[in-house]
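A short worksheet on the structure shown next.
Numbering (our numbering), first residue to last: 1362 to 1618.
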């Protein structure tokens, strides 16, 4: 993708569940939204119907990166669902069935309890009109479909944070040590290039996620990502150029998902 501006959004809420595509009846959750979830949220903001927007978010047209602003934790709760094998069972005659549900929460304590989960999204699209539409709706909170954190029960809010012009976007040279603020695709890391913290305060986690869909919603591409679950940077050397921007006077290094 040629040089394009970057739209920076904050996406926050109380609880989240980003279902793992390979999970069984126990609903496990990713720690952060996959690229496909971000696609769906942005499409919903401007009124796309389900399964109508995949071509618009092709990797050649759309790029995104995610930063975990708050450290996260997970809990498991049992949820009652209607036990139904056919439409005749929707009257709840067979009672409920209980399914474990993994929920993502913030780990940051406040005086009144735990804070909200917060992610920072860096997005850009070849269609500038689309980006301006996202910017307007985030600034005015005028969403066609309200954003949710994976499930309709987990409401969330998207806020505008910054618009970074293409003239203020840089690339870091390959082979240099970089502190990466966003999650990182595994193939972008140099062999033995990931830097570990011997004191144990930096904890890397690997997740396998869908990256894009076919038009019939079948998974088209998956990718493995590394993130640091305590909100710290991913440190290492990378085989793909790292994008560097300045946000409120602070340098941010990101890698596209």
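Cβ atoms here follow ideal geometry from the backbone N, Cα and C, with glycine treated the same way.
Keep in mind it's a predicted model, so treat the numbers as computed, not measured.
Going by beta carbon distance, what residues of the same chain come within less than 7 Å of residue 1536, once the five residues before and after it are set aside?
As a working note, residue 1536 is residue 175 in the chain shown. Excluding sequence neighbours, residue 1536 sits near 1598.
Pairwise C-alpha distance: residue 1558 and residue 1407
By one-based count along the chain shown, residue 1407 stands at place 46. By one-based count along the chain shown, residue 1558 stands at place 197. Looking at the two C-alpha atoms, the distance is approximately 42 Å.
For residue 1486, count the other beta carbons within 10 Å of its own beta carbon; 16 or more makes it buried, fewer makes it exposed. Which is it?
Here residue 1486 refers to the residue found at position 125 when the chain shown is read from its first residue. With 16 or more other Cβ atoms from the protein chains shown falling within 10 Å of its own Cβ, residue 1486 counts as buried.
Strictly by DSSP, which residues pair up with residue 1425?
For the purposes of this step, residue 1425 is identified with residue 64 of the chain shown, where counting begins at 1. Note: residue 1425 sits in a beta bridge opposite 1484.
Nearest-angstrom Cα distance between residue 1413 and residue 1523?
Residue mapping note: residue 1413 aligns to position 52 of the chain shown, counting from 1. Residue mapping note: residue 1523 aligns to position 162 of the chain shown, counting from 1. When only Cα atoms are considered, residue 1413 and residue 1523 end up about 28 Å apart.
Residue interval of the beta strand (DSSP E) (run including residue 1570)
Along the chain shown, one-based indexing puts residue 1570 at 209. Counting along the chain, the beta strand (DSSP E) containing residue 1570 begins and ends at 1565-1574.
Look up residue 1605 in the DSSP assignment and give the residues it is bridged to.
Locating residue 1605 in the chain shown gives position 244, counting from the first residue. Beta-bridge pairing by DSSP links residue 1605 to 1531, 1614.
For residue 1377, the three-state DSSP class (helix, strand or coil)
Here residue 1377 refers to the residue found at position 16 of the chain shown. DSSP places residue 1377 in strand when its eight states are reduced to three.
Specify whether the segment 1450-1459 and the segment 1567-1577 touch according to this definition: at least 3 beta carbon pairs, one from each stretch, less than 8 Å apart.
no
With residue 1550 and residue 1567 assumed to form a contact (beta carbons below 8 Å), what rounded beta-carbon distance in angstroms separates them?
The residue given as residue 1550 occupies position 189 in the chain shown. The residue given as residue 1567 occupies position 206 in the chain shown. With 8 Å as the limit, residue 1550 and residue 1567 do not qualify as a contact, their Cβ atoms being about 11 Å apart.
Would the beta-carbon of residue 1496 fall within 8 Å of that of residue 1428?
Sequence index remark: in the chain shown, residue 1496 carries index 135 (1-based). Sequence index remark: in the chain shown, residue 1428 carries index 67 (1-based). Taking 8 Å as the Cβ cut-off, residue 1496 and residue 1428 do not qualify as a contacting pair.
With DSSP as the reference, label residue 1494 as helix, strand or coil.
Taking the chain shown and counting its residues from 1, one reaches residue 1494 at position 133. Residue 1494 falls in the helix class under three-state DSSP.
For a test of the three-state rule: what should DSSP assign to residue 1304, helix, strand or coil?
Since the first residue of the chain shown is 1362 and the last is 1618, residue 1304 is not available in this structure.
Nearest CA to the CA of residue 1607: which residue from 1583, 1483, 1466?
Taking the first residue of the chain shown as position 1, residue 1607 is located at position 246. Nearest option by C-alpha distance: 1483.
Locate the alpha helix (DSSP H) running through residue 1405, then write down its first and last residues.
Locating residue 1405 in the chain shown gives position 44, where the first residue counts as 1. Start and end: 1396-1406.
What does the alpha-carbon distance come out to for the pair residue 1442 and residue 1420?
One-based indexing of the chain shown puts residue 1442 at position 81. One-based indexing of the chain shown puts residue 1420 at position 59. Near 36 Å, if we compare the C-alpha coordinates of residue 1420 and residue 1442.
Going by beta carbon distance, what residues of the same chain come within less than 6 Å of residue 1492, once the five residues before and after it are set aside?
By 1-based counting over the chain shown, the position of residue 1492 is 131. Answer for residue 1492: 1368, 1486, listed in chain order.
Endpoints, the beta strand (DSSP E) within which residue 1594 is located:
The residue given as residue 1594 occupies position 233 in the chain shown. From DSSP, residue 1594 is part of no beta strand (DSSP E); its letter is neither H nor E.
With contact counted as at least three CB pairs below 8 Å, one residue from each stretch, are the segment 1525-1542 and the segment 1388-1405 in contact?
At 8 Å Cβ cutoff, the stretches do not touch.
Beta-carbon within less than 7 Å of residue 1444's beta-carbon, same chain only, minus the 5 sequence neighbours each way: which residues are those?
For the purposes of this step, residue 1444 is taken as the residue at position 83 of the chain shown. The residues are 1450, 1455, 1456, 1457, 1458.
Since residue 1456 sits in a beta bridge, which residues does DSSP pair it with?
By one-based count along the chain shown, residue 1456 stands at place 95. Bridge pairing for residue 1456: absent [DSSP].
Residue 1542 beta carbon less than 8 Å from that of residue 1614
The residue you call residue 1614 lines up with position 253 of the chain shown. The residue you call residue 1542 lines up with position 181 of the chain shown. Yes. Within cutoff.
Proximity to residue 1561 [Cα-Cα], best of 1590, 1576, 1507, 1582
The sequence position of residue 1561 within the chain shown is 200, counting from 1. The alpha carbon of residue 1561 has as its nearest neighbour, out of 1590, 1576, 1507, 1582, the alpha carbon of 1590.
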